[in-house]
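> Quick one: this structure, given as structure tokens, is what I'll be asking you about.
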Amino acid sequence: MNLKPNDPWREPKRSPPAWGAGDRAPSAAPPPEGETDGFDIRAILHLLWMKKWFILLCGLIGTAFAAWEVSKQVPRYTASAQVILNVGDVQDPTGMRNPVRSYLFSTASINTELRSLQSEDLLRRVVQSLELQNHWEFNPSIPPPPQATSASTLEKLFTTVTEPFRDAPPRPSFTPALGSPEAAESAAVSALRGVVSTRNLEGSYVFLISAQTLSPEMAPAIVNAVAQEYVASQRERSFNEIEESIVWLGERVAELKVELETAEGKVADFAADASLLGEEALVAGRLQLKAMRDQEAELWETAERLRKQISSLEELRRNDDFPGIARAATDPELQRLARGLSRDDPAENALPEFDALFAQLIVSLGSQAERLEGRARDLAAAVTELAAQVSAQSSDLITLQQLKREADAARVIYESFLGRLKEMSVRQGTQRSDVSVLTLAHGLGRPIFTNKTRDSLKGGLKGIGLAIILVLALNAIRTSIRSPEELEAVSGHSVISVIPNGPSRHAKAVLEEIVEKPGSRLGEAVRNLRTAIQLSNVDVTPKVVLVTSSVPEEGKSVLAAALAQTTALSGKRVLLVDADLRRRVLSKFFDTTGKQGLVSILSGASSFEDARIIDQRTGLHVVLAEGGKVTPVDLFESDQFARFLSDAREQYDLVVLDTPPVLAVPDARVLAQHADATVYAVRWNKTSRRMVKTGLGSLSQAHVHVSVLALTRVDPKRMDIYGYYGYGTRGYGLGKYYSA
Numbered sequence: 090m091n092l093k094p095n096d097p098w099r100e101p102k103r104s105p106p107a108w109g110a111g112d113r114a115p116s117a118a119p120p121p122e123g124e125t126d127g128f129d130i131r132a133i134l135h136l137l138w139m140k141k142w143f144i145l146l147c148g149l150i151g152t153a154f155a156a157w158e159v160s161k162q163v164p165r166y167t168a169s170a171q172v173i174l175n176v177g178d179v180q181d182p183t184g185m186r187n188p189v190r191s192y193l194f195s196t197a198s199i200n201t202e203l204r205s206l207q208s209e210d211l212l213r214r215v216v217q218s219l220e221l222q223n224h225w226e227f228n229p230s231i232p233p234p235p236q237a238t239s240a241s242t243l244e245k246l247f248t249t250v251t252e253p254f255r256d257a258p259p260r261p262s263f264t265p266a267l268g269s270p271e272a273a274e275s276a277a278v279s280a281l282r283g284v285v286s287t288r289n290l291e292g293s294y295v296f297l298i299s300a301q302t303l304s305p306e307m308a309p310a311i312v313n314a315v316a317q318e319y320v321a322s323q324r325e326r327s328f329n330e331i332e333e334s335i336v337w338l339g340e341r342v343a344e345l346k347v348e349l350e351t352a353e354g355k356v357a358d359f360a361a362d363a364s365l366l367g368e369e370a371l372v373a374g375r376l377q378l379k380a381m382r383d384q385e386a387e388l389w390e391t392a393e394r395l396r397k398q399i400s401s402l403e404e405l406r407r408n409d410d411f412p413g414i415a416r417a418a419t420d421p422e423l424q425r426l427a428r429g430l431s432r433d434d435p436a437e438n439a440l441p442e443f444d445a446l447f448a449q450l451i452v453s454l455g456s457q458a459e460r461l462e463g464r465a466r467d468l469a470a471a472v473t474e475l476a477a478q479v480s481a482q483s484s485d486l487i488t489l490q491q492l493k494r495e496a497d498a499a500r501v502i503y504e505s506f507l508g509r510l511k512e513m514s515v516r517q518g519t520q521r522s523d524v525s526v527l528t529l530a531h532g533l534g535r536p537i538f539t540n541k542t543r544d545s546l547k548g549g550l551k552g553i554g555l556a557i558i559l560v561l562a563l564n565a566i567r568t569s570i571r572s573p574e575e576l577e578a579v580s581g582h583s584v585i586s587v588i589p590n591g592p593s594r595h596a597k598a599v600l601e602e603i604v605e606k607p608g609s610r611l612g613e614a615v616r617n618l619r620t621a622i623q624l625s626n627v628d629v630t631p632k633v634v635l636v637t638s639s640v641p642e643e644g645k646s647v648l649a650a651a652l653a654q655t656t657a658l659s660g661k662r663v664l665l666v667d668a669d670l671r672r673r674v675l676s677k678f679f680d681t682t683g684k685q686g687l688v689s690i691l692s693g694a695s696s697f698e699d700a701r702i703i704d705q706r707t708g709l710h711v712v713l714a715e716g717g718k719v720t721p722v723d724l725f726e727s728d729q730f731a732r733f734l735s736d737a738r739e740q741y742d743l744v745v746l747d748t749p750p751v752l753a754v755p756d757a758r759v760l761a762q763h764a765d766a767t768v769y770a771v772r773w774n775k776t777s778r779r780m781v782k783t784g785l786g787s788l789s790q791a792h793v794h795v796s797v798l799a800l801t802r803v804d805p806k807r808m809d810i811y812g813y814y815g816y817g818t819r820g821y822g823l824g825k826y827y828s829a
């Protein structure tokens, strides 16, 4: 290669990229079949299995600690008493049904009564009756006797851890001052709640009250006091309920009596003011009204018929229809004259006589019609007057009936409440308690000796439980990537290369191992990476390979140098270019005495032959980075850099570009436009999932396809410990194939 300032620059001849410039990177692939993003019980069991020694150690520590604690404890004393719900009947001695007692027999009410057995008020009454605030077991300020011991340290620790998950007791309405009698009493109530336990005997209405104390005489006293106070509180509650009912019923009866008297007074006043004739008279008036209306209609109908008859006769006379008049007239003489006029030779004086009779008939019919109409009008006036009287009587009768119904309803309600008041008054003197004491504790409490084996095992189980919680919590908050499967799930790309750590933390020693031990695990991993790059594009072998990462310290520079060295050792012509102009990490790996770098070559200040470094052991050619005033992005977008890479393609079999991290600067996204393949390095157990997603997303936005994902700086031994079997030193016996 002869790159001089005055030499002509040729346009680069690039092979067609494996990923088109107009295409976008594929989205993340779905998780493999059988895997989900949710709860994976197999993964959790595998994690716990790999942490089995830590979990077992915690269990042994818990067992030993519990055994030590148990050895110091003294026995506790227990006693029990029983109370029973009175289920013989749900009636009082008076024979009246007791709805309160029948309610107590439901399942929900039994659970409620169990709660009330440990209520704040009941326990406070027990504390006051036994003066437990003056007893050392219930008052922390009173020192216990030498022979008594409190709860074990392990129990205190476990109680403290589980306290937030328990049902909180009801808070007092006020906070007593520290050291006051109220504070001592509240402390005794809290301590008593931890001593007393209650439960319902299955299949019965019996409640078992138990207590465990450190003093033998205190346990029986406590359970007896709880049972007696509970029965007394139930009796007091029943009495108060009846008393409140009697007071309320008395007030309600007085109000109803006033309402009844008011309703009856309204009935009497209205009956006195209204002139009612009674229902029989009202019915007779309605019948008379109907008859008068029928008679009125008949009169009008008859008068109308006479008027029509007059009109018909007059029409026949105008038409000289004597036969028709003879048929319509009712007068015999007029009929005779009409028949005579109908003949061809009527009498000479027949017509005047006919007209005189006809006029008399018309006048007679008109007089009848007028008389009928007059009678109908008089009858209509009488009907109107009678209808008004009937309507008024009906309205008054309806109002009176409504007032009577209201008075009757008020009387029924009043008598019902009055009867209920008498019943409650009788019950007040015969009320029995809904619960009673079945058995009381006698003598001293029964000692309970600790089962050392059981308690030791419980301590071991608690230790194992805490260890499991710790392991799962640490794994849940972990954001780094520990396996190729995790990286594939995050990125959506296949992880083809897993690069293990070298024998030393120094990068130069790692590169020396590549040269001195090509058959080592590290050397084989890098060759696997080289093969993956070659197979990333089956049509054209990539010649320009870009190596980048999300953030610094992920091993990308060492990976780029190792890839270049391994390829050079195979007899290929390889050029390694340090394109990280800011950090210039590759200058630490090679002898840079008197050598200039990439900026000098592109600016013409130095020739390529003078600036390049040749590694004598591998034959690798290296162009290092150097500082300058030029902006890296502008430099990589220049025509000079494009021609530099074009010439390098022709002269070398492989060009490896070590670029800055993607999330730090945009250099890698610009340089990736010139590369045939992109290698993305992710540091094992260090780089977070969010960084990987963000870095790959920025490359995808620049239309850059990541050819190979490499998990770098993997610790094989720790990978075995984390349970990723097959990638570490023991996986499937693969270590036999690597040289020491």
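With our numbering applied, the sequence shown corresponds to residues 90 to 829, in that order.
Where is the CB? At the ideal position from N, CA and C, for every residue including glycine.
Smallest Cα separation from Ala170: which of Ser286, Ala481, Ala277, Gln790?
The residue with the shortest Cα to Cα distance from Ala170 is Ser286.
> Considering Arg779, what are the terminal residues of the alpha helix (DSSP H) in which it resides?
Arg779 -> alpha helix (DSSP H) spans 778-790.
> Grab me the residues of Gly717's own chain with a C-beta within less than 7 Å of its C-beta, minus the 5 sequence neighbours each way, in chain order.
Excluding sequence neighbours, Gly717 sits near Val688.
> Report the three-state DSSP secondary structure of Pro234 (helix, strand or coil).
Of the three classes helix, strand and coil, the one that applies to Pro234 here is coil, per DSSP.
> Which ranges does the alpha helix (DSSP H) cover as unbroken runs of at least 4 residues, wholly within the stretch 726-772, from first to last along the chain?
As far as the stretch 726-772 is concerned, its whole alpha helix (DSSP H) runs of at least 4 residues are 728-740, 756-760.
> Can you tell me whether Gly32 is buried or exposed? The criterion is at least 16 other CB atoms within 10 Å of its CB, across all chains shown.
Residue coverage of the chain in this structure runs from 90 to 829, which leaves residue 32 outside it and unanswerable.
> Which residue's Cα is closest to the Cα of Gly354: Lys493, Ser218, His794?
Of the listed residues, the one whose Cα sits closest to Gly354 is Lys493.
> The beta strand (DSSP E) with Pro536 in it runs from where to where?
Where Pro536 is concerned, the enclosing beta strand (DSSP E) stretches over 535-537.
> Report the three-state DSSP secondary structure of Phe506 (helix, strand or coil).
Phe506: helix per DSSP, three-state reduction.
> Less than 7 Å between C-beta atoms, sequence neighbours within five positions excluded: which residues of the same chain meet that for Ala650?
Cβ within range, chain order: Leu600, Leu665, Leu675, Phe678.
> Whole angstroms is fine: what's the gap from Leu752's alpha carbon to Thr620's?
Going from the Cα of Leu752 to the Cα of Thr620 covers about 27 Å.
> Answer yes or no: do Ala439 and Gly429 have a C-beta to C-beta separation smaller than 7 Å?
Their beta carbons are under 7 Å apart, which means Ala439 touches Gly429 by this criterion.
> Measure the beta-carbon distance from Ala799 to Ala770 and round it to whole angstroms, keeping in mind my assumption that it falls under 8 Å.
5 Å between Cβ atoms; contact.
> Let me know the alpha helix (DSSP H) ranges lying completely inside the stretch 457-483, each 4 residues or longer, listed in chain order.
If we require 4 residues or more, the stretch 457-483 turns out to have no alpha helix (DSSP H) run fully inside it.
> In terms of DSSP beta bridges, what is Ala168 paired with?
Looking at the DSSP assignment, Ala168 forms a beta bridge with Ala300.
> Measuring CA to CA, which of Thr707, Val172, Ala469, Asp747 is closest to Leu378?
Ranking the options by Cα distance to Leu378, first place goes to Ala469.
> Do Leu212 and Val312 come within 7 Å of each other at the CB atom, strictly closer than that value?
Their beta carbons are not under 7 Å apart, which means Val312 does not touch Leu212 by this criterion.
> Among the candidates Glu577, Ser659, Leu489, Gly413, whose CA atom is the shortest distance from the CA of Asp362?
The shortest Cα separation from Asp362 among Glu577, Ser659, Leu489, Gly413 belongs to Leu489.
> Using a threshold of 7 Å, state whether the C-beta atoms of Ala496 and Ala357 are closer than that.
No, they are not a contact pair.
> How big is the Cα-Cα spacing for Leu724 and Ile570?
Whole-angstrom Cα-Cα distance: 34 Å.
> Taking 7 Å as the threshold (C-beta atoms), are Val524 and Val320 in contact?
Yes.
> Leu376: which of Gly413, Leu475, Leu303, Ala360 sits nearest, CA to CA?
It is Leu475 whose Cα lies nearest to the Cα of Leu376.
> Let me check one thing: in DSSP terms, what residues is Ser799 bridge-paired to?
The identity of residue 799 in the sequence shown is Ala, whereas the question assumes Ser. Looking at the DSSP assignment, Ala799 forms a beta bridge with Ser586, Ala770.
> Work out the CA separation of Gln762 and Asp669 for me, nearest whole Å.
Near 16 Å, if we compare the C-alpha coordinates of Gln762 and Asp669.
> Please name the residue, chosen from Gln654, Phe730, Lys775, Glu422, that lies closest to Leu709 on a Cα-to-Cα basis.
It is Gln654.
> What are the partner residues of Val295, as DSSP defines its beta bridges?
The partner list for Val295 (beta bridge, DSSP) reads Ile173.
> The alpha helix (DSSP H) with Arg830 in it runs from where to where?
Residue 830 is absent from the model: the chain starts at 90 and stops at 829.
> Which two residues bound the contiguous beta strand (DSSP E) that contains Asn289?
Segment 285-289, the beta strand (DSSP E) holding Asn289.
> From this set, Glu271, Pro305, Ala132, Ser198, which residue's C-alpha is nearest His531's C-alpha?
When only C-alpha atoms are compared, the closest one is Pro305.
> Quick one: residues in its chain with C-beta nearer than 8 Å to the C-beta of Ala445, no 5 flanking neighbours on either side, listed in chain order?
Cβ within range, chain order: n/a, list empty.
> Which residue from His582, Leu338, Val172 puts its Cα closest to that of Gly508?
The shortest C-alpha separation from Gly508 is found at Leu338.
> State whether the stretch 602-612 contacts the stretch 768-784, with contact taken as three or more CB pairs (one from each stretch) at a distance under 8 Å.
Output reads no: the stretch 768-784 does not touch the stretch 602-612.
> Alpha carbon to alpha carbon, how far is Asp210 from Leu546?
Each residue's alpha carbon lies about 38 Å from the other.
> Rounded to the nearest angstrom, what separates Gln534 and Pro309 at their Cα positions?
According to the sequence as given, residue 534 is Gly; it is not Gln. In a straight line, the C-alpha of Gly534 is about 6 Å away from that of Pro309.
> Would you tell me roughly how many angstroms separate the C-alpha atoms of Arg214 and Ile558, rounded to the nearest one?
Between Arg214 and Ile558, the C-alpha separation is close to 42 Å.
> Do Pro749 and Asp742 have their C-beta atoms closer together than 7 Å?
No, they are not a contact pair.
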